[in-house]
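Chains as they are written, first to last, in the working numbering: chain F, 1100 to 1224; chain W, 1100 to 1224.
Each residue gets a CB set at the ideal place from its N, CA and C atoms; glycine is no exception.
Given the structure is predicted, the values throughout are model-derived calculations rather than measurements.
Number of protein chains: 2
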Amino acid sequence: MSTRREAVHRALTASSGFRSAQDLYADLRADGSKIGLTTVYRALQALSDSGDVDVLRTDEGEAVYRACDTENHHHHLVCRVCSTAVEIEGPTVERWTAEIGAQHGFTGVTHTVEVFGTCAECSKA
Amino acid sequence: MSTRREAVHRALTASSGFRSAQDLYADLRADGSKIGLTTVYRALQALSDSGDVDVLRTDEGEAVYRACDTENHHHHLVCRVCSTAVEIEGPTVERWTAEIGAQHGFTGVTHTVEVFGTCAECSKA
DNA sequence: CAAGTTTTGACAACCATTTTCGTTTTCGCC
DNA sequence: GGCGAAAACGAAAATGGTTGTCAAAACTTG
Chain F
1100 MSTRREAVHR
1110 ALTASSGFRS
1120 AQDLYADLRA
1130 DGSKIGLTTV
1140 YRALQALSDS
1150 GDVDVLRTDE
1160 GEAVYRACDT
1170 ENHHHHLVCR
1180 VCSTAVEIEG
1190 PTVERWTAEI
1200 GAQHGFTGVT
1210 HTVEVFGTCA
1220 ECSKA
Chain W
1100 MSTRREAVHR
1110 ALTASSGFRS
1120 AQDLYADLRA
1130 DGSKIGLTTV
1140 YRALQALSDS
1150 GDVDVLRTDE
1160 GEAVYRACDT
1170 ENHHHHLVCR
1180 VCSTAVEIEG
1190 PTVERWTAEI
1200 GAQHGFTGVT
1210 HTVEVFGTCA
1220 ECSKA
């Protein structure tokens, strides 16, 4: 893992929520780094390929990334105000999606599940 | 609902899977329509605003649309080969996401759930 | 230190989507 | 049927996130 890639990974770990490539680029530049936008994209691509970060798409089509605690399959409960994310696991959903798939004769079933809401902190405000 | 919008809705209904705006534009032009790309986008926007079609994002960030049988909240089981989609309902997931949200003090909880796989038809090939 | 390899980053290219804006169509009304 | 306002249309340009290009910089190895 090159120095640049580590820097991107560190910047991502410093946040508790999902960040876009542009966000991270801004963060790193603000910290005095001379990194280029292209490199940030390349680093995120590599990190997601190796499974070190999770990726998902916002409703606007922007890709957002997160450094997760576990490398196991899991989902997220994301605050739609501050974008903080809690990692959640769900034997229930895993079982349910597998059943649904089987019922309709589908093979190689996978799924995407994301839960959105307003976190306790932001609900108060 | 204007004529153009009906045409887009009809083109969408003619397909059993999710189609992108560009796909629909190509379909309509192939059928001899003189519709413009802008209008297709506008029609899809209006149709999704009024809840007549469902929208989701591919992994590549492209928006894809589908004319659904029911207007109720539901999810999809999508074939990753031919993109045919089956509408599915899941009291189980609805309950599960609500619980997860409550457990972490989140309010106004919503969710996105999509299931992917290879349909029986495409599995054979 | 030199030659070769990898990484980097400024800039241009891409492509789905949105905006702009002048033109055309639709619709209510006489 | 004819008129004028308002809505719909569509071609072309603008936008914005993301990817490709390529020469310069950094690191490796002998």
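Pair within 7 Å by beta-carbon distance, residue i and residue j
i, j, result
"L1127(W)", "A1110(W)", "yes"
"G1160(F)", "G1116(W)", "no"
"A1125(F)", "V1139(F)", "no"
"V1212(W)", "G1200(W)", "no"
"F1215(W)", "V1177(W)", "yes"
"R1103(W)", "R1156(F)", "no"
"G1150(F)", "A1219(W)", "no"
"T1206(F)", "S1222(W)", "yes"
Nearest-angstrom Cα separation, counted from residue j out to residue i
i, j, result
"A1113(W)", "R1118(F)", "38 Å"
"H1175(F)", "V1185(F)", "6 Å"
"R1179(W)", "T1196(F)", "15 Å"
"N1171(W)", "L1136(F)", "42 Å"
"A1224(F)", "Q1202(W)", "19 Å"
"A1166(W)", "E1105(W)", "12 Å"
"T1169(F)", "T1217(F)", "23 Å"
"Y1164(W)", "D1148(W)", "12 Å"
"V1107(F)", "A1142(F)", "7 Å"
"H1173(F)", "H1210(F)", "11 Å"
Interface flag, residue i vs chain F, CB-CB below 7 Å
i, result
"T1206(W)", "yes"
"G1200(W)", "yes"
"L1143(W)", "no"
Query raised in the report: Per the contact definition of three or more C-beta pairs closer than 8 Å, is the stretch 1186–1195 of chain F in contact with the stretch 1120–1140 of chain F?
Result: no
Query raised in the report: If contact means a Cβ-Cβ distance below 8 Å, which residues of the stretch 1149–1162 of chain F contact chain W?
Result: R1156, D1158, G1160, E1161 and A1162
Report task. Could you list the residues in the stretch 1208–1223 of chain W with a C-beta less than 8 Å from some C-beta on chain F, going in chain order? Result -> V1208, T1209, H1210, T1211, V1212, E1213, V1214, F1215, G1216, T1217, C1218, A1219 and S1222
Query raised in the report: Relative to chain W, which residues along the stretch 1185–1197 of chain F have a C-beta separation below 8 Å, given in chain order?
Result: V1185, I1187, G1189, T1191, V1192, W1195 and T1196
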